[in-house]
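Start counting at 1 in the sequence shown, then tack on 5, and there's your number in the numbering used here.
Beta carbons are placed, not taken as given, at the ideal position from N, Cα and C, and that holds for glycine.
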Amino acid sequence: QQSTMSLLLGRRLALLLSAATAAAARGASSNATSVVFVKTYKTGSTTVAEFLSTMAYKREMYCLHPSSQGHFVKGELQRRRGTSFDMSFRHPTPFLDEVALEGLMASKRVKWVTIIREPVARFASTLNFVKRIPYRTPETLVAALKDKKKVSFDDTNAFCNNFAWVLLGGSLRVEKTLAFVDDPQFYVDKVIRQLEERRHYLVLLQDDVPASLALLAKTLGWTPEDLRGVAVARARKNVKAQPLSCHGACRRAVLTCNAIDHALYVRYAHQFRRRLIETDVTPWCDALGATCGDDDNRGGESKKKSRAPAAAFPPQQQELPVPPFAGHYPINCQQPNTGPPERRKWKRLHSCQGRP
Numbered sequence: 006q007q008s009t010m011s012l013l014l015g016r017r018l019a020l021l022l023s024a025a026t027a028a029a030a031r032g033a034s035s036n037a038t039s040v041v042f043v044k045t046y047k048t049g050s051t052t053v054a055e056f057l058s059t060m061a062y063k064r065e066m067y068c069l070h071p072s073s074q075g076h077f078v079k080g081e082l083q084r085r086r087g088t089s090f091d092m093s094f095r096h097p098t099p100f101l102d103e104v105a106l107e108g109l110m111a112s113k114r115v116k117w118v119t120i121i122r123e124p125v126a127r128f129a130s131t132l133n134f135v136k137r138i139p140y141r142t143p144e145t146l147v148a149a150l151k152d153k154k155k156v157s158f159d160d161t162n163a164f165c166n167n168f169a170w171v172l173l174g175g176s177l178r179v180e181k182t183l184a185f186v187d188d189p190q191f192y193v194d195k196v197i198r199q200l201e202e203r204r205h206y207l208v209l210l211q212d213d214v215p216a217s218l219a220l221l222a223k224t225l226g227w228t229p230e231d232l233r234g235v236a237v238a239r240a241r242k243n244v245k246a247q248p249l250s251c252h253g254a255c256r257r258a259v260l261t262c263n264a265i266d267h268a269l270y271v272r273y274a275h276q277f278r279r280r281l282i283e284t285d286v287t288p289w290c291d292a293l294g295a296t297c298g299d300d301d302n303r304g305g306e307s308k309k310k311s312r313a314p315a316a317a318f319p320p321q322q323q324e325l326p327v328p329p330f331a332g333h334y335p336i337n338c339q340q341p342n343t344g345p346p347e348r349r350k351w352k353r354l355h356s357c358q359g360r361p
């Protein structure tokens with residue numbers, strides 16, 4: 006009888022321990038910080054998204070993706086209430102809905118992140134990328150943009166004040182574009198309130214993507230060891246496309262439709278560089294095997310120092326902790342029912358159902 010009671014007591018203790026372990030796991034997932042990265046066009050945001058996708062694989066974080074069509078359709082985020090995710094890093098479509106995105110995050114603590122690029126360089130890069138536009142120089146395109154009948158509002162917003170347009174998203178009611186507005190400062194102030202007072206965004210800088218990734222990782226509480234084996238993607242270059250040069254009159258023309266983004270870039274580039282001075286991200290940069298900023302004078306002339314790769318042996322001999330496909334996130338969410346174990350894990354973390 007005593008033996009039977011001991012056995013029953015042992016089973017009960019095992020059940021209680023199992024329940025406590027499961028509860029602790031749920032608590033850990035709910036207490037961890039969720040990440041919402043708001044992508045903007047031609048700013049290096051895909052590199053950041055691929056980095057987050059790789060880290061999601063390493064850290065078992067569930068990622069939010071569209072159900073179909075490669076983008077979120079109107080009302081989709083609201084219809085998916087009841088599911089929860091740890092990360093979102095897709096383009097916000099049809100507009101940024103912060104309330105709906107926050108409601109789909111598994112944690113009550115959500116870190117909002119975005120990235121900005123110098124607007125004239127972004128304009129030229131977008132013109133190189135968008136081949137359907139018949140105007141092939143910045144000056145002729147700006148002239149066409151001023152004539153609202155020659156270029157669609159969607160294309161206008163891709164070229165002009167795109168950062169502000171994406172971030173303000175659903176808060177805009179009557180505006181079809183923010184190009185050539187009469188009072189740029191009104192919208193500058195509105196974006197600043199959005200980024201700094203409402204959500205406390207971390208604004209990364211396309212000028213220094215490795216430092217941006219290092220700062221992002223440190224802000225999220227990821228250690229340099231967490232970054233071992235995570236490669237920093239290089240910018241994709243179209244070898245057939247010659248980079249556009251835009252100075253003097255060309256630059257002044259582009260800024261006529263990018264006055265909002267220019268003011269925001271000046272503010273957040275300064276803020277980013279000041280933060281790098283105040284925050285030592287060297288161990289995180291070393292872990293990425295990347296050169297981050299310039300160590301002596303981050304806000305001035307570039308004096309970048311070469312760093313040795315994180316590993317002391319050739320890349321082909323490194324034992325990578327994640328498969329190479331981990332950073333290639335899917336067009337649409339997945340059903341994790343086929344493939345080898347690594348692929349099943351990848352599909353599970355990008356599944357439509359999200360976190361169990």
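The C-alpha of G174 lies about 5 Å from the C-alpha of L101. Here V208 is bridged, per DSSP, to T119.
A direct Cα-to-Cα measurement between D91 and L220 gives close to 19 Å.
In this structure, the CA atom of F164 is about 35 Å from the CA atom of S112. Closest in C-alpha terms to S89, from the list T119, C68 and F77, comes C68. Judged by DSSP in its simplified three-state form, C68 adopts strand. Distance from the CA of R127 to the CA of K47, rounded to the nearest whole angstrom, comes to 6 Å. Nearest in C-alpha terms to Q190, of all of Q83, S39, I336 and A169, is A169. For V171, the enclosing alpha helix (DSSP H) covers residues N167 to L173. In the DSSP assignment, T88 forms a beta bridge with R86. One thing to note: V43 has its Cβ no nearer than 7 Å to the Cβ of T131. Taking the Cα of K79 as reference, the smallest distance to any Cα among S93, L57 and A105 is reached at A105.
By the Cβ rule, the segment 134-150 does not count as touching the segment 51-70, because fewer than three pairs are nearer than 8 Å. For L260, the closest C-alpha among the options H96, L172, K151 and L57 is that of K151. Here E230 is exposed, its C-beta having fewer than 16 other C-beta atoms within 10 Å.
Sixteen is the threshold: when 16 or more other Cβ atoms of the shown chains lie within 10 Å of the Cβ of K116, as they do, the residue is buried. Per DSSP, V135 is not a residue of any alpha helix (DSSP H), being assigned neither H nor E. Per DSSP, the beta bridge partners of F42 are V118.
Here DSSP, grouped into helix, strand and coil, assigns S50 to helix. DSSP, reduced to helix, strand and coil, places Q339 within a strand of the structure shown.
Exclusion of the five residues before and after H355 leaves C68, H70, Y334, P335, C338 and Q339 as the residues of its chain whose Cβ lies within less than 7 Å of its Cβ. Per the DSSP secondary-structure output, G359 pairs in a beta bridge with S89.
Of the other Cβ atoms in all chains shown, fewer than 16 fall within 10 Å of the Cβ of E283; this residue is therefore exposed. A straight line joining the alpha-carbon of A292 with that of N167 spans about 33 Å. Rounded to the nearest angstrom, the Cβ distance from L183 to I265 is 6 Å, consistent with a contact under 8 Å.
For V147, the enclosing alpha helix (DSSP H) has its first and last residue at P143 to K151.
Burial check for N263: the Cβ neighbour count within 10 Å reaches 16 or more, so the residue is buried. Straight-line spacing of the CA atoms in Y140 and F134 works out to 13 Å. In this chain, P229 is not harboured by any alpha helix (DSSP H), its DSSP state being neither H nor E. Here A295 is buried. Its C-beta has 16 or more other C-beta atoms within 10 Å. Taking every protein chain shown into account, the CB of P97 has 16 or more other CB atoms within 10 angstroms, so this residue is buried. The residue from M110, Y270 and F56 with its alpha-carbon nearest to that of P361 is M110. Beyond the five residues adjoining it in sequence on each side, E65 comes within less than 8 Å, by CB distance, of L354 in the same chain, given in chain order. With respect to the C-alpha of C297, the residue from S93, L209 and L177 having the closest C-alpha is L209. Between H252 and the set N342, V125, S93 and F94, the nearest pair of CA atoms involves V125.
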